[in-house]
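Residue numbers (the working numbering), protein chains in the order written: chain A, 6 to 312; chain B, -5 to 500. Just so it is clear, CB atoms sit at the ideal spot from N, CA and C, and this is done for glycine as well. Single-structure report; data block below.
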Amino acid sequence: MASELHIKESSDTLKMPDWFRDLVTLGTIVGNWDSSNGRLVVALACPTSRYAASAISMGIAWAETRKFRSDSKEVMFSKLQTLSIGEYISIRANTKQVIGRFLGIENHDQIRIDGSRYLLSRIEEIHIVKSFGRPRSESNKSEMKTQSSMNKFMDPQNHLSTFAQTIIGLVGDKENIREDFEIEIGLRNDKLPREPFEKISEFVKIKDDSRCFGWSCELLSVDELLLTGSPNLDCHLVLANNRACIELAEYAHFKSKVFILDSRDSLANAQDSIQRYSRYCERVDIAKISWKPHKAFRGIVMVDKNV
Amino acid sequence: MSDRFRNTNMTFQAIENLHTVDNSFKSIRYIDRELANYTKLSLQLRAKKSGNLTPTQLDSVLSFHSSLRSQIILDPFSMEKHKALFAQISEIDLGNLVNSSDQSLLMKMSEQASILMDRHKHPGQDFLENIISHLEGSLLVTFRRESTIHFASEFFSRLPKKDVFVDSLSRKHAGITDNNLIFGPIHWFSESILSNPRGLFLFAAMPAHLKFRQPEMHSYPRWFNFGQVPIFRDLDSTVLIIDQDIDDADEEIESTIPIVWNTVNASKSQMNESQSLCRQFALANGKQVFIGIDGGEQDFVHSVEITRNGEVRQIEINPRDLRIGNYIILREGQSDTEVLYSKARELIGSEIDKIESNQAEWKGALKRLLQTSDLKTLNRLLQDKGLKAVNRLNDWTNPSLRRPLRDNDFIILLQHLKLDVDRYMTSATKLRRAILQVASTFRQQLESAISLVNPEVLLEEGHYVISAPVDGVAGLFISKIIGVSSVELYVDSQRIRIPFNELISQ
């Protein structure tokens, strides 16, 4: 029996529920979206927006990480030349994965990560880790088979076989949202109770960091967001705030926009603003983005061409 | 461990439950006769509020009763404010404010209000006490008003069951429980209690006399719904009716088995005048039946009860009071019209030849008229003359349909055919009456056989068939009600009280 994805909160773990997985998948769809087709906008109402921002952010980060995958040595080399010294990268060769700070290319065929050097010709995959935390630098012990199956349901389009060990939980501005990010995702075999929880990601709360590429907030005014975050077209917006949704719906920033509406609150105003926004957008059938939402979700998918 | 994630996960599980047949939302209706009587009196009132900015004395009286009703239904713990107001309201002289009929009604309502307010336990408290002991696991009771919370907490703290929590529509209770009982009519609550449930299993409790309305989950507009139907539009709840007087509530809870309601011949809104508002009942013999519920106080359904001595006794129950566990008597299908007709011929005697000749004459004249007329023009002409059942013209040429149901329709038709109204009307009516009398005689014979029904068989099998002494005449059956539909539907009058199979025919 293979290990399965679990969520860990404090010291207890729970098998990753379908609704959470659906949200991660939505994140990967948003992250994989080709921006040349316009800005993908998803408004999603769910029974509770708690953790939804985290799950979607994780999917986006997963997809963004994949985009740095290189298929050939030449492409890999050119990508590495654009990297700044000190950025975190992840490499895989066979089943071994290493995550560390990129410290440069040496002798045209070696990559230096922290104190070690690796031959480019032996590296099968390389990713730039979009992480604000310090990723663990140790080897990933997960077997390839498990990783493949994880890919399959998390993001069917993604052939990523390694995974950055720190995933960014995007930005929040209030202390109470921090609790929603304090979960980890990992692998565990329920049949083997002594089997440890193998962490593959965690959520990190970041505030006031200009490098962030996404936002998730519960109570954040538009002014605060625009002032502190300097969002741009490389930045995804994941917004769990019905009120801010009204103000932010039509702002022409961001690479993509995900509005998470909490059905605990009145949705009328938020829906009005989204409907108003939808007049400038092209509505997209949910089947076209290959997402099958959980029964509890309702929403709309649109493409904003005014980028 | 922090239960935060587990709690969120349970909310999603609760939503999953709502989409299943077994665990979906259930309505529990309790019968409180005094409250029902009080409410029914108010329905008969003709007096209306003035609508003025400054309330009149009559406005105060009407508002008091309306407010008291809502208070009892939503908050079974506190009527102090109403008690204080009652003294002032009682001093108002109604003589010059309303007509004599309303005055009498308002006086009766005041008496009923006084009885309700003086009760040791307010309506609803008994029910709460009873029902919570039957719900396994933790329970969250949601009231509409925040002001109820304090009294409710005190009330529940005195009960043996400990894991009971209370909440209001403001939804301050963050945790999720096994059961969430929503106290009051579900349509008086905001949608979020269903779209964001706080219990794995949801129940709503309300007095049985209130018109039941399906929770309408329409707040997600179609455009915001991934192109699907609004969430919970099809939510179909099982209705469980509990009488406070009975002790065997266990049995009733077990009988809330999921039932597939066959609503092929019914509609949610009234499509034509011949439709009446009905409640649908599932019977122990696998059949279902629509029974009209707008027939007023005098309407009843023949039923039986099994006495403590083990005897079967005939009783009459108002359709609105029918609940799971009642045994109702219904006709088993339609009698063969030919059999009834031949018996009616015997009953009429020698006059039958003249009657049959008269019948043949007016039906022949009608047939000729239909053959020589443009049907649309004829229909319009007769409709202008006041004939209501114009679409039945062809049916009336059939010998087995003795005459139009409405006298006025028959008169208009005969006049149009230039026939002697008295002659044909009298003979057709005599024939119809004889047939009804035959059917009635058979029915009386069958009903007299009810007292001979073996109560043990009835209890064990849930139904009992009483066959007619003559072949072709419909027998009777007694069947236990095992389910009451959550929705009230409009049904054509000819389909009311006619049992049908629960399986939807392909």
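Whole-angstrom Cβ separation of residue 287 of chain B and residue 295 of chain B, contact assumed at under 8 Å?
The residue given as residue 287 of chain B occupies position 293 in the second sequence. The residue given as residue 295 of chain B occupies position 301 in the second sequence. Not confirmed; about 10 Å, so no contact.
Indicate whether at least one CB of chain B lies closer than 9 Å to the CB of residue 30 of chain A.
Numbered from 1 along the first sequence, position 25 holds the residue referred to as residue 30 of chain A. With 9 Å as the cut-off, residue 30 of chain A does not count as an interface residue toward chain B.
What would DSSP say about residue 250 of chain A, mapped onto helix, strand or coil?
Within the first sequence, residue 250 of chain A is the residue found at index 245, counting from 1. Looking at residue 250 of chain A - three-state DSSP - the assignment turns out to be helix.
Are there 16 or more other CB atoms within 10 angstroms of the CB of residue 125 of chain B, so buried, or fewer, so exposed?
Taking the second sequence and counting its residues from 1, the one referred to as residue 125 of chain B is at position 131. With 16 or more other Cβ atoms within 10 Å, it is buried.
Less than 9 Å between the C-beta atoms of residue 94 of chain B and residue 277 of chain B, yes or no?
Counting from one through the second sequence, the residue named residue 94 of chain B turns up at place 100. Counting from one through the second sequence, the residue named residue 277 of chain B turns up at place 283. In this structure, residue 277 of chain B does not lie closer than 9 Å to residue 94 of chain B by Cβ.
Is residue 9 of chain A close to chain B, meaning its C-beta is less than 9 Å from at least one C-beta of that chain?
Translated into positions along the first sequence, residue 9 of chain A becomes position 4. No - not a single Cβ of chain B is within 9 Å of the one on residue 9 of chain A.
Buried versus exposed, by CB contacts within 10 Å (16 or more), residue 223 of chain A:
Taking the first residue of the first sequence as position 1, residue 223 of chain A is located at position 218. Low per-residue confidence applies at residue 223 of chain A: pLDDT is 47, beneath 50, and the placement is therefore not dependable enough to give any value.
Name, going along the chain, the residues of the stretch 6 to 39 of chain B whose beta-carbon falls closer than 9 Å to a beta-carbon of chain A.
6, 7, 8, 9, 10, 12 and 13
Please list, in chain order, the chain B residues whose beta carbon lies closer than 9 Å to that of residue 198 of chain A.
The sequence position of residue 198 of chain A within the first sequence is 193, counting from 1. In chain order: nothing, as chain B lies at least about 16 Å away.
Are the CB atoms of residue 342 of chain B and residue 428 of chain B within a distance shorter than 9 Å?
Within the second sequence, the letter at position 434 stands for residue 428 of chain B. Within the second sequence, the letter at position 348 stands for residue 342 of chain B. Cβ atoms of residue 428 of chain B and residue 342 of chain B: closer than 9 Å.
Can you look up residue 201 of chain B in the DSSP assignment and give me helix, strand or coil?
As a position in the second sequence, residue 201 of chain B is number 207, starting the count at 1. Residue state, collapsed to three classes: strand.
From residue 175 of chain A to residue 2 of chain B, what distance separates their C-alpha atoms?
Translated into positions along the first sequence, residue 175 of chain A becomes position 170. Translated into positions along the second sequence, residue 2 of chain B becomes position 8. Since pLDDT at residue 175 of chain A reaches only 47, below the 50 mark, its modelled position is unreliable, and the value read off the structure follows with that caveat. Going by the C-alpha atoms only, they are around 20 Å apart.
Taking residue 304 of chain A as part of the beta strand (DSSP E), name the residues at either end of that continuous run.
Here the question's residue 304 of chain A lines up with position 299 in the first sequence. Element bounds for residue 304 of chain A: 303 to 309.
With H, G and I counted as helix, E and B as strand and the rest as coil, what does DSSP make of residue 24 of chain B?
Start at 1 with the first residue of the second sequence, and residue 24 of chain B comes out as number 30. Strand.
Please report the Cβ distance between residue 262 of chain B and residue 483 of chain B, rounded to the nearest whole angstrom; I am assuming they are in contact, meaning their Cβ atoms lie under 8 Å.
As a first step, residue 262 of chain B must be located in the second sequence, where it is residue number 268. As a first step, residue 483 of chain B must be located in the second sequence, where it is residue number 489. Right, their Cβ atoms sit about 6 Å apart.
Which of the three DSSP states, helix, strand or coil, is assigned to residue 317 of chain B?
Against the second sequence, residue 317 of chain B aligns to sequence position 323. Correct three-state label for residue 317 of chain B: coil.
With respect to the beta strand (DSSP E) encompassing residue 262 of chain A, which residues constitute its N-terminal and C-terminal limits?
Stepping through the first sequence from its first residue, residue 262 of chain A is reached at position 257. 261 to 267 is the extent of the beta strand (DSSP E) around residue 262 of chain A.
Output, in sequence order along the chain, the residues in the stretch 10 to 24 of chain A whose CB is closer than 7 Å to any CB in chain B.
12, 14, 15, 16, 17, 19, 22 and 24
Could you check where the alpha helix (DSSP H) with residue 115 of chain B kicks off and where it finishes?
Within the second sequence, numbered from 1, the residue matching residue 115 of chain B stands at position 121. That residue, residue 115 of chain B, is in no alpha helix (DSSP H); it is neither H nor E in DSSP.
Between residue 171 of chain B and chain A, is any beta-carbon pair separated by less than 9 Å?
Residue mapping note: residue 171 of chain B aligns to position 177 of the second sequence, counting from 1. Output row for residue 171 of chain B: interface = no.
If the criterion is Cβ atoms closer than 9 Å, does the pair residue 266 of chain B and residue 486 of chain B meet it?
By one-based count along the second sequence, residue 266 of chain B stands at place 272. By one-based count along the second sequence, residue 486 of chain B stands at place 492. Yes, the Cβ-Cβ distance between residue 266 of chain B and residue 486 of chain B is below 9 Å.
Is the Cβ of residue 272 of chain A closer than 9 Å to any Cβ of chain B?
Here residue 272 of chain A corresponds to residue number 267 of the first sequence, with the count starting at 1. So, interface residue.
Residues of its chain near residue 146 of chain A, where Cβ-Cβ distance is below 6 Å and the 5 sequence neighbours each way are ignored:
Here residue 146 of chain A refers to the residue found at position 141 of the first sequence. Reliability of the predicted coordinates at residue 146 of chain A is poor, the pLDDT of 45 falling under 50, and no value is obtained from them.
So, is residue 258 of chain B buried or exposed, given that buried needs 16 or more other C-beta atoms within 10 angstroms?
Numbered from 1 along the second sequence, position 264 holds the residue referred to as residue 258 of chain B. By the 10 Å Cβ count, residue 258 of chain B comes out exposed.
Using a beta-carbon distance cut-off of less than 8 Å, what residues from the stretch 132 to 155 of chain B approach chain A?
none
So, residue 490 of chain B versus residue 270 of chain B, is the Cβ gap smaller than 9 Å?
For this step, residue 490 of chain B is matched to residue 496 along the second sequence. For this step, residue 270 of chain B is matched to residue 276 along the second sequence. Yes, they are a contact pair.
Examine the Cβ distances between the stretch 131 to 145 of chain B and the stretch 160 to 180 of chain B and report whether three or more of them are shorter than 8 Å.
yes
For residue 218 of chain B, return the contacting residues in chain A, with the cut-off set at a CB-CB distance below 8 Å.
Taking the first residue of the second sequence as 1, we reach residue 218 of chain B at position 224. 48, 50, 276, 279, 280, 303, 304 and 305, listed in chain order.
Residue 281 of chain A lies in the alpha helix (DSSP H); which residues open and close that run?
Taking the first sequence and counting its residues from 1, one reaches residue 281 of chain A at position 276. Start and end: 273 to 283.
Residue range of the unbroken beta strand (DSSP E) whose run includes residue 476 of chain B
Translated into the one-based positions of the second sequence, residue 476 of chain B becomes position 482. Taken as a continuous stretch (DSSP letters only), the beta strand (DSSP E) holding residue 476 of chain B covers 470 to 486.
Would you decide whether residue 168 of chain B is buried or exposed? Buried here means 16 or more other CB atoms lie within 10 Å of its CB.
Against the second sequence, residue 168 of chain B aligns to sequence position 174. Exposed, since its Cβ has fewer than 16 Cβ neighbours within 10 Å.
Please compile the residues from chain E whose C-beta is within a distance smaller than 9 Å of the C-beta of residue 215 of chain B.
In the displayed structure, chain E is absent; the protein chains listed are A and B.
Given residue 80 of chain A as reference, the closest of A:20, A:9, A:125 and A:277 once Cα atoms are compared
Here residue 80 of chain A refers to the residue found at position 75 when the first sequence is read from its first residue. For residue 80 of chain A, the nearest C-alpha among the options comes from A:125.
Would you mind listing the beta strand (DSSP E) stretches within the stretch 302 to 370 of chain B that are 3+ residues and don't spill past its ends, in chain order?
306 to 311 and 321 to 325
Any idea which residues DSSP pairs residue 50 of chain A with across the strands?
Taking the first sequence and counting its residues from 1, one reaches residue 50 of chain A at position 45. In the DSSP output, where bridge partners are listed per residue, residue 50 of chain A has A:266 and A:303.
Below-9 Å beta-carbon distance, residue 267 of chain A vs any chain B residue:
Residue mapping note: residue 267 of chain A aligns to position 262 of the first sequence, counting from 1. Chain B contact via Cβ: present.
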